[in-house]
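Numbering (the numbering used here), first residue to last: 69 to 499. Read the structure below first, then the notes.
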């Protein structure tokens, strides 16, 4: 029998922490009121925030060198849904799940959709995979997929992306995310312009298969596995391709896919200004890594990104709805715990950005008062909005302290018994 954490158990855990939370919430509310803020309005904003989960993120990730699986990992997409439902149950901020094909392919997508709905989940954008060879496919992607020299390889990659659209349509998804590792490892390996021409030719075929209410998200990455020249390596190339393809093509920003110290918030501002910001894959990065837990390295950068998103929402109005998703690799932590923590950190940055005194910031900017403009941002960033997030979770039936509640439930120990490793079962993590 599948173990799920009961709502009664969550309520019992919350009862023990409620008095302290209420005291902290009241104290924060008083401070915000003196600033002219409304804690109840902010709590409502927190409750409305949502970020999607990556199905592959509930398994242990890895590196180019090794993967060390954890205990009780999901062995198929239905078990992944149980873990995703648990994360959403405790955080109340992750109702969407993004699937990755062929990793999550099922012979009965309608049953998968029904089970997800029973668990309170829906399906976010679907992801294609042409950076690996799928079992039984006739042509290899070793030398490229959508940009391959061989037209048969390109046709295979196009067909796979169209198949992802069809599967996603059955599941109720409204978007396709396309990331590929195509590129060159040696100077002269391929013609740089020719590779992009082949990419656009392939993507036009995929774009033509989009339903009218879908979006295509073009994801870029600076390097890896193409270490000399990645075909879609930066936001400028992504923007040019999205513009070339049409209005349903947007740019996706993965926070880890940039050179160190890149001004990602400026990229967000530029893509927003020209109507091509599609969404985000939230994570963090220190060196050349791109899948650390969100907010674990540079929470201030995450806050500054949400400041630009706040500005974009004001300027663009209700039609400004970028898609949010976590995209992480959990090598030494329990993936469920990391995803819960990351969802809270992204939500935290969102509410901190909502605290910015926009009028004061505008005044300081217009008067060229650089110091006070920066201090206005810092005041919002330094405010501990944890009580707001916890209160929003509790009122929605989630956990005041998601990680503590999860650990107290013994969820991972139950899954250790339910999910013994199966030889040949599909991997749960990124590699």
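By construction, the Cβ of each residue, glycine as well, lies at the ideal position given by its N, Cα and C atoms.
Checklist entry - Do you know offhand how far residue 499's Cα is from residue 440's? => result Note that residue 499 has pLDDT 43, beneath the 50 cutoff, so the model's placement of it is unreliable and the number below is only indicative. Rounded to the nearest angstrom, the two C-alpha atoms are 46 Å apart.
Next on the checklist: Give me, in chain order, the residues of the same chain whose beta-carbon lies closer than 8 Å to that of residue 254; leave out the 5 immediate sequence neighbours on both sides.
Outcome noted: 296
Checklist entry - Does the beta-carbon distance from residue 122 to residue 394 come in below 8 Å? => result yes
Next on the checklist: Just to confirm my understanding: we take residue 500, look at its own chain, exclude 5 residues before and 5 after, and list those with CB closer than 6 Å. What are they?
Outcome noted: It is not possible to answer for residue 500, since the shown part of the chain is limited to 69 through 499.
Item to check | Reference residue 82, options 158, 142, 149, 169, closest by Cα | outcome: 158
Checklist entry - Between residue 166 and residue 445, what straight-line distance do the alpha-carbon atoms span, to the nearest angstrom? => result 33 Å
Item to check | Reduced DSSP secondary structure (H/G/I, E/B, other) of residue 73 | outcome: Residue 73 falls in the coil class under three-state DSSP.
Item to check | residue 216: first and last residue of the uninterrupted alpha helix (DSSP H) it sits in | outcome: Boundaries cannot be given for residue 216, as no alpha helix (DSSP H) includes it and DSSP labels it neither H nor E.
Checklist entry - Along the chain, where does the beta strand (DSSP E) that runs through residue 115 open and close? => result Residue 115 -> not in any beta strand (DSSP E); alpha helix (DSSP H) instead, spanning 107 to 116.
Item to check | C-alpha distance - residue 372 paired with residue 412, whole-angstrom precision | outcome: Rounded to the nearest whole angstrom, the CA to CA distance from residue 372 to residue 412 is 16 Å.
Checklist entry - Helix, strand or coil: how does DSSP classify residue 246 here? => result Here DSSP, grouped into helix, strand and coil, assigns residue 246 to strand.
Item to check | Entirely enclosed beta strand (DSSP E) segments - the stretch 259 to 299, minimum 3 residues | outcome: For the stretch 259 to 299, whole beta strand (DSSP E) runs of length 3 or above, ordered along the chain, are 283 to 287.
Item to check | Nearest candidate by alpha-carbon position, reference residue 176, set 236, 213, 223 | outcome: 236
Next on the checklist: Among 291, 188, 88, whose alpha-carbon lies nearest the alpha-carbon of residue 328?
Outcome noted: 291
Next on the checklist: Measuring straight from C-alpha to C-alpha, what distance separates residue 353 and residue 476?
Outcome noted: 30 Å
Checklist entry - How would you write the range of the beta strand (DSSP E) that residue 500 sits in, first residue to last? => result Given that the chain is displayed from residue 69 to residue 499, the structure contains no residue 500 and the question cannot be resolved.
Item to check | Euclidean distance between Cα positions of residue 94 and residue 116 | outcome: 21 Å
Next on the checklist: Using 8 Å as the threshold, is the C-beta distance between residue 119 and residue 414 below it?
Outcome noted: yes
Item to check | Integer Cβ distance of residue 317 from residue 308, believed to fall under 8 Å | outcome: About 11 Å separates the two Cβ atoms, so there is no contact after all.
Checklist entry - Which runs of the alpha helix (DSSP H), 4 residues or longer, sit entirely within the stretch 144 to 182? => result The qualifying runs are 145 to 159.
Next on the checklist: With three or more C-beta pairs closer than 8 Å as the rule, is the stretch 255 to 270 touching the stretch 211 to 224?
Outcome noted: yes
Checklist entry - For the alpha helix (DSSP H) that residue 431 lies in, which residues bound it at each end? => result 426 to 434
Next on the checklist: Less than 8 Å between the beta carbons of residue 312 and residue 245, yes or no?
Outcome noted: no
Item to check | Proximal residues to residue 238 (C-beta, below 8 Å), its chain only, five neighbours per side dropped | outcome: Cβ neighbours of residue 238 beyond the five flanking positions: 177, 178, 181.
Checklist entry - Counting pairs of beta carbons, one from the stretch 217 to 226 and one from the stretch 144 to 152, are three or more of them closer than 8 Å? => result no
Next on the checklist: Between residue 320 and residue 350, how many whole angstroms is the CB-CB distance? I'm expecting something under 8 Å.
Outcome noted: That belief does not hold up - the Cβ atoms of residue 320 and residue 350 are roughly 11 Å apart, past 8 Å.
Checklist entry - In terms of alpha-carbon separation, which member of 229, 76, 431 lies closest to residue 196? => result 229
Item to check | Where the alpha helix (DSSP H) containing residue 322 begins and where it ends | outcome: Unbroken run through residue 322 is the beta strand (DSSP E), 317 to 322; no alpha helix (DSSP H).
Next on the checklist: According to DSSP, residue 190 sits in a beta bridge with which residue or residues?
Outcome noted: 164
Item to check | Alpha carbon of residue 428 to alpha carbon of residue 375, nearest angstrom | outcome: 14 Å
Item to check | Close Cβ partners of residue 71 (< 6 Å) along its chain, the five nearest in sequence each way excluded | outcome: 482
Next on the checklist: Please state whether the Cβ-Cβ distance between residue 369 and residue 335 is less than 8 Å.
Outcome noted: no
Next on the checklist: By alpha-carbon positions, which one of 457, 472, 203 ends up nearest to residue 110?
Outcome noted: When each option's Cα is compared against that of residue 110, the closest is 457.
Item to check | Range of the contiguous alpha helix (DSSP H) that encloses residue 458 | outcome: 454 to 463
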